[in-house]
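Asks: Mind looking over this structure? Questions follow.
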Amino acid sequence: MATGGADTPSAQQSSLYSYQDLYLKYLSAARRLAPNTYNKSYRYDLNTFADFLQKQSIDDLNQIDRSTIRDYISWCRKKSLSSRSISRRISTLRGFFRFLLAENHIYTDPTSMVEHPKLGRVLPKTLTIGEVDSLLAVSGKLDRGNPLAARNHVIHVMLHLLYATGLRVSELVKLPLISFNRHSGNLRILGKGRKERLVPIGEQAVHLLEEYLDHIRPRLLHGRTSPALFITMQGKAMTRTRYWQIMKKLALQAGIKKEISPHALRHSFATHLLENGADLRSVQLMLGHSDISTTQLYTHVEHSRLKSIHKKFHPRG
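This note's numbering applies: residue 470 is where the sequence shown begins, and numbers increase by one.
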């Protein structure tokens, strides 16, 4: 990990801010994290910790010890942060301080021997098959005659593709034009850690995607070129934020009252496959999980549903 730091930690400029960009550059280069990951999540966590240090009048990283980290955890709890959010922040700090220690910018790692808050199992929020059908029906009925017709078609195809493949939203909006193979009906996905996987998308999604590529996308480009598969009316790549804004509106129009996340269709994809008999390993490969224990979380969703059915319909439930 070391890249040739000083022989001894320097007392000058030993603030968190002075090393934050150095660490983020390391994450980008050595761990190949996407800019969206390290610029938002990691930078946010480090900035929050820096705010805490400022309130504690700590301006040198070598002043930080385990008690400082424990005080920070207490500070986060007072702000009513969930155990999961606090655990993520501690993970960020642990990686940061290990980096600084390896680079010889600090004497000791203050996060060593500090335990993560205990996490309860949070089950993914999913849609029922009926709710997915309603969402796709609403997006399919968007007015094709108005000036936004082409954009509406893009959204409809994107929603179909999310449910057909279980892609992460960030993966969907970053799909390049060359990712779709018409002959095989597969998408080539570059996922987390730049790991590549092939995902089948099904005949219906293939048909919708071909219609979009042949008739809708050229209208949006207006003679321009773009390497992105999905584009806006301005010919630019669709953003994750814009997709989420539109999806939330469509969910309300579809009568879906439950709280949903940008990954609702990804979670539903995995859960519905398992409910219908798909094996866990195949679902893991399609989702792009490096660890099958992450995929196993969806089996708990299925078990929770079965318990609900048993309680509702069994005479002694």
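A virtual CB, placed ideally from N, CA and C, is assigned to each residue, including glycine.
1) Could you compute how far the alpha carbon of TYR681 sits from the alpha carbon of VAL623?
2) Among the residues of its own chain, which have a CB less than 7 Å from the CB of SER730, if the five just before and after it don't count?
3) According to DSSP, LEU656 sits in a beta bridge with which residue or residues?
4) Can you round the beta-carbon distance between TYR488 and THR561 to whole angstroms, since I take them to be within the 8 Å contact cut?
5) Enumerate in chain order the residues of its own chain whose CB-to-CB distance from ARG688 is below 8 Å, with the five nearest sequence positions on each side excluded.
6) Does the stretch 655-664 touch the stretch 636-647, meaning 3 or more C-beta pairs lie closer than 8 Å?
7) Indicate whether MET582 and PHE699 have their beta-carbon atoms separated by less than 8 Å.
8) Given this structure, state the Cα-to-Cα distance separating HIS676 from GLY746, to the nearest angstrom.
9) Closest by CA to VAL640, which one among THR763, ARG735, TRP544?
10) Kindly indicate which three-state DSSP category ILE685 falls into: helix, strand or coil?
11) With DSSP collapsed to three states, give me the class of GLN489.
12) Cutting at 7 Å between CB atoms, please list the residues of its own chain near ALA633, excluding the five before and the five after it.
13) Do you know how far the Cα of LEU493 is from the Cα of PHE649?
14) Tell me the start and end of each unbroken beta strand (DSSP E) in the stretch 555-626 that is at least 3 residues and wholly inside, in chain order.
15) Give the list of continuous alpha helix (DSSP H) stretches no shorter than 4 residues that lie fully inside the stretch 732-760.
16) Here's a check: name, in chain order, each residue in its chain whose Cβ is nearer than 7 Å to the Cβ of TYR495, leaving out the five neighbours to either side.
17) Alpha carbon to alpha carbon, what distance is there between ASP602 and ARG750?
18) Is ALA706 helix, strand or coil by DSSP?
19) Going by the CB atoms, is the gap between VAL607 and ALA733 shorter than 8 Å?
20) For TYR767, does the count of other Cβ atoms within 10 angstroms reach 16, so buried, or fall short, so exposed?
21) Between the alpha carbons of ASN655 and LEU667, how many angstroms are there, rounded?
22) Does the Cβ-Cβ distance between ALA739 and LEU756 come in under 8 Å?
23) Kindly identify the DSSP beta-bridge partner or partners of ALA674.
Replies: Based on what the coordinates show:
1) Taking the sequence shown and counting its residues from 1, the one referred to as residue 681 is at position 212. Taking the sequence shown and counting its residues from 1, the one referred to as residue 623 is at position 154. So the two alpha carbons sit approximately 7 Å from each other.
2) Locating residue 730 in the sequence shown gives position 261, where the first residue counts as 1. Within the same chain, SER730 has close Cβ partners LYS594.
3) Mapped onto the sequence shown, residue 656 falls at position 187. Bridge partners of LEU656: PHE649, VAL668.
4) On the sequence shown, position 19 is the one that residue 488 refers to. On the sequence shown, position 92 is the one that residue 561 refers to. That belief does not hold up - the Cβ atoms of TYR488 and THR561 are roughly 13 Å apart, past 8 Å.
5) As a position in the sequence shown, residue 688 is number 219, starting the count at 1. ALA619, listed in sequence order.
6) yes
7) Within the sequence shown, numbered from 1, the residue matching residue 582 stands at position 113. Within the sequence shown, numbered from 1, the residue matching residue 699 stands at position 230. For MET582 and PHE699, no; Cβs fall outside 8 Å.
8) To locate residue 676, count along the sequence shown from 1; it is residue 207. To locate residue 746, count along the sequence shown from 1; it is residue 277. Their backbone Cα atoms lie some 26 Å apart in a straight line.
9) Here residue 640 is taken as the residue at index 171 of the sequence shown, counted from 1. Sequence check: residue 640 is Glu here, not Val. The option with the nearest alpha carbon to GLU640 is ARG735.
10) As a first step, residue 685 must be located in the sequence shown, where it is residue number 216. Here ILE685 sits in helix by DSSP.
11) Taking the sequence shown and counting its residues from 1, the one referred to as residue 489 is at position 20. Helix, per DSSP.
12) In the sequence shown, the residue the question calls residue 633 occupies position 164. Once the five neighbours on either side are set aside, the close Cβ partners of ALA633 are ILE670, GLY671, ALA674.
13) Your numbering for residue 649 matches position 180 in the sequence shown. Your numbering for residue 493 matches position 24 in the sequence shown. Approximately 32 Å, taken between the alpha carbons.
14) none
15) 733-744, 749-756
16) Along the sequence shown, read from residue 1 onward, the residue named residue 495 stands at position 26. Excluding positions up to five away in sequence, the list reads PHE568.
17) As a first step, residue 750 must be located in the sequence shown, where it is residue number 281. As a first step, residue 602 must be located in the sequence shown, where it is residue number 133. C-alpha separation (whole angstroms): 26 Å.
18) The residue given as residue 706 occupies position 237 in the sequence shown. ALA706 falls in the strand class under three-state DSSP.
19) For the purposes of this step, residue 733 is taken as the residue at position 264 of the sequence shown. For the purposes of this step, residue 607 is taken as the residue at position 138 of the sequence shown. No, Cβ-Cβ distance for ALA733 and VAL607 is not below 8 Å.
20) As a first step, residue 767 must be located in the sequence shown, where it is residue number 298. The residue in question, TYR767, is buried, as its Cβ has 16 or more Cβ neighbours within 10 Å.
21) As a first step, residue 655 is located in the sequence shown; it is residue number 186 there, counting from the start. As a first step, residue 667 is located in the sequence shown; it is residue number 198 there, counting from the start. Spanning the two alpha carbons is a distance of roughly 6 Å.
22) Taking the first residue of the sequence shown as position 1, residue 739 is located at position 270. Taking the first residue of the sequence shown as position 1, residue 756 is located at position 287. Yes, the pair counts as a contact, with Cβ atoms nearer than the cut-off.
23) One-based indexing of the sequence shown puts residue 674 at position 205. The partner list for ALA674 (beta bridge, DSSP) is empty, contrary to what the question assumes.
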